[in-house]
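Take the sequence shown: its position 239, counting from 1, is numbered 234 in our numbering, and each next residue is one higher. Quick notes on the structure that follows.
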Amino acid sequence: MYKANVALLAGDLTGKAIVPIIGSNGGYETDLFGVHRHARDDPQLAELERDIADVGYYSFVTTDEEATRLASDEPGRDELLHRLMNERVKDWLDLATERLADTGVPLYLIPGNDDEFGIDEVLNAPGHTPINADGRVLDIPGELQLLASGWSNHTPWQTPREESEDELYARLDALAQQVRDPRRAVFMIHVPPHDSGLDTAPILDENLRPTVSAGDVLRGPVGSTAVRRIIETYQPVLAIHGHIHESGGERRIGDTLCINPGSEANAGILRGYLVDIGPKGVELAQRVEG
């Protein structure tokens, strides 16, 4: 649609919740965001499953007895979640391969800090057009290079791909030293730079609940100091981030344009950026949504 030469996806490839759909009396029912939903037949079931998928969750049709059993079986839920994650990621890779066939447009992606390591086998499997760029420096169209990393600094959630700021800086610096010319490089790093305006999120208390003062939720920077140091030191032409979905926008750090599309998964809104990079740098950066 946009005549792009290359597509980039900066992490957060998997959902975090399962929504059981209970078969009952020839129909189906479930609860989604506190709203009871009912499907009378297979077409309505397909619509319900699409609604669940659109907010990033996973559905599965089951019995009331099986759903009750899984509610008290954490290993069983984890096994089911990981299976559904891998199936969804493979479905997306298959779709991207189909849609990009014969276009000559490469798609480079990375997992995010929340994404389980179990999806890496699916991402790295042969036969798909999308390329897992995590932990690599690659040549991309436009005589540019791509530095890519899905890791983050420590979060309150203890996610799979996070580490200390020092460790993260060492990881990114080792990659940055492979870049020929930072002014002709795009740094796709899942976590945004600290105190950049692209990393503002609710401040959580010890129970992982938003802190409230005078009726307002307190917010502050939660990005990475290591990422900020890397950008300040190497000054790539463009830095692409995700991670903090509620903090979309664009900011400059020195000569580097940093962007975070920001999305609202619970509302089914996916945002991205169209970016034109010419011989002298970024010529256009426009946020789009669908």
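All C-beta atoms, glycine included, are put in the ideal place defined by N, C-alpha and C. Just so we're clear, the structure is a prediction, and the values are computed from it rather than from any experiment.
From arginine 282 to asparagine 0, what does the alpha carbon distance come to, in whole angstroms?
Cα to Cα, the separation comes out at about 17 Å.
Environment of alanine 165 [buried if 16+ CB atoms lie within 10 Å]:
With fewer than 16 Cβ atoms within 10 Å of its Cβ, alanine 165 is classed as exposed.
Three or more C-beta pairs closer than 8 Å, one from the segment 14 to 23 and one from the segment 93 to 103: is that the case here?
Cβ pair count under 8 Å is below three, so no.
Could you give the DSSP three-state label for isoleucine 239: helix, strand or coil?
Secondary structure of isoleucine 239 (DSSP, three-state): coil.
Would you kindly work out how many angstroms separate the C-alpha atoms of alanine 66 and aspartate 250, rounded to a whole number?
If I take the Cα positions, the gap works out to 51 Å.
Let's see if you can read the secondary structure: which residues bound the beta strand (DSSP E) around alanine 280?
For alanine 280, the uninterrupted beta strand (DSSP E) segment begins and ends at 276 to 284.
Could you tell me the alpha carbon to alpha carbon distance between alanine 91 and serine 208, rounded to whole angstroms?
Between alanine 91 and serine 208, the C-alpha separation is close to 45 Å.
According to DSSP, residues forming a beta bridge with methionine 183
According to DSSP, methionine 183 bridges with Ala143 and Ile235.
Classify leucine 8 as helix, strand or coil using the three-state DSSP reduction.
In the three-state scheme derived from DSSP, where H, G and I count as helix and E and B as strand, leucine 8 is classed as coil.
Where does alanine 209 sit, in a helix, a strand or coil, going by DSSP?
Residue state, collapsed to three classes: coil.
Taking the beta carbon of aspartate 7 as the centre, do at least 16 other beta carbons fall within 10 Å, making it buried, or is it exposed?
Counting C-beta atoms within 10 angstroms of its own C-beta, aspartate 7 has 16 or more neighbours from the protein chains shown and is therefore classed as buried.
So alanine 2 and leucine 102 are supposed to be a Cβ contact under 8 Å. How far apart are they, rounded?
Your pair alanine 2 and leucine 102 checks out as a contact, with CB atoms roughly 4 Å apart and the cut at 8 Å.
Could you check whether the segment 239 to 257 touches the segment 188 to 198, counting it as contact only if at least three pairs of C-beta atoms, one from each stretch, sit closer than 8 Å?
Short answer: they touch.
Which value, in whole angstroms, describes the spacing of the CA atoms of glutamine 140 and phenylalanine 112?
Across the structure, glutamine 140 and phenylalanine 112 are spaced so that their CA atoms are roughly 25 Å apart.
Taking the continuous beta strand (DSSP E) assigned at arginine 266, which residues delimit it?
From DSSP, the beta strand (DSSP E) with arginine 266 extends over 266 to 273.
Quick one: does serine 258 have its CB under 8 Å from some CB of chain E?
Protein chain content of the structure displayed is limited to a single chain, and chain E is not contained in it.
Completely contained alpha helix (DSSP H) runs for the segment 0 to 86, where each covers 4 or more residues:
Listed in chain order, the complete alpha helix (DSSP H) runs (minimum 4 residues) inside the segment 0 to 86 are 37 to 49 and 59 to 66.
Give the secondary structure of glycine 244 by DSSP, where H, G and I count as helix, E and B as strand, and everything else as coil.
Looking at glycine 244 - three-state DSSP - the assignment turns out to be strand.
State the Cα-Cα distance for the pair threonine 220 and glutamate 160, rounded to the nearest angstrom.
Going by the C-alpha atoms only, they are around 7 Å apart.
For leucine 269, count neighbouring Cβ atoms within 10 angstroms of its own Cβ and tell me buried if that reaches 16, exposed if not.
Exposed, because fewer than 16 other Cβ atoms sit within 10 Å of the Cβ of leucine 269.
Taking 6 Å as the limit between beta carbons, can you name the residues of its chain near alanine 286, skipping five residues before and five after?
The first residue shown for the chain is -4 and the last is 285, placing residue 286 beyond what the model contains.
Which of the three DSSP states is assigned to aspartate 134 in this structure?
Assigned with DSSP and collapsed to three states, aspartate 134 falls in strand.
Distance CB(arginine 175)-CB(valine 232) smaller than 8 Å
Going by beta carbons, arginine 175 and valine 232 fall outside the 8 Å limit.
So which of Ile105, His185, Ile17 and Arg78 has the shortest CA-CA distance to histidine 31?
The residue from Ile105, His185, Ile17 and Arg78 with its alpha-carbon nearest to that of histidine 31 is Ile17.
Would you list, in sequence order, the uninterrupted alpha helix (DSSP H) runs of no fewer than 4 residues that lie entirely inside the segment 84 to 122?
Restricted to the segment 84 to 122, the alpha helix (DSSP H) segments that are unbroken, complete and at least 4 residues in length are 115 to 118, listed in chain order.
Continuous beta strand (DSSP E) stretch holding isoleucine 225: start and end
Note, isoleucine 225: premise wrong, no beta strand (DSSP E); alpha helix (DSSP H) at 220 to 229.
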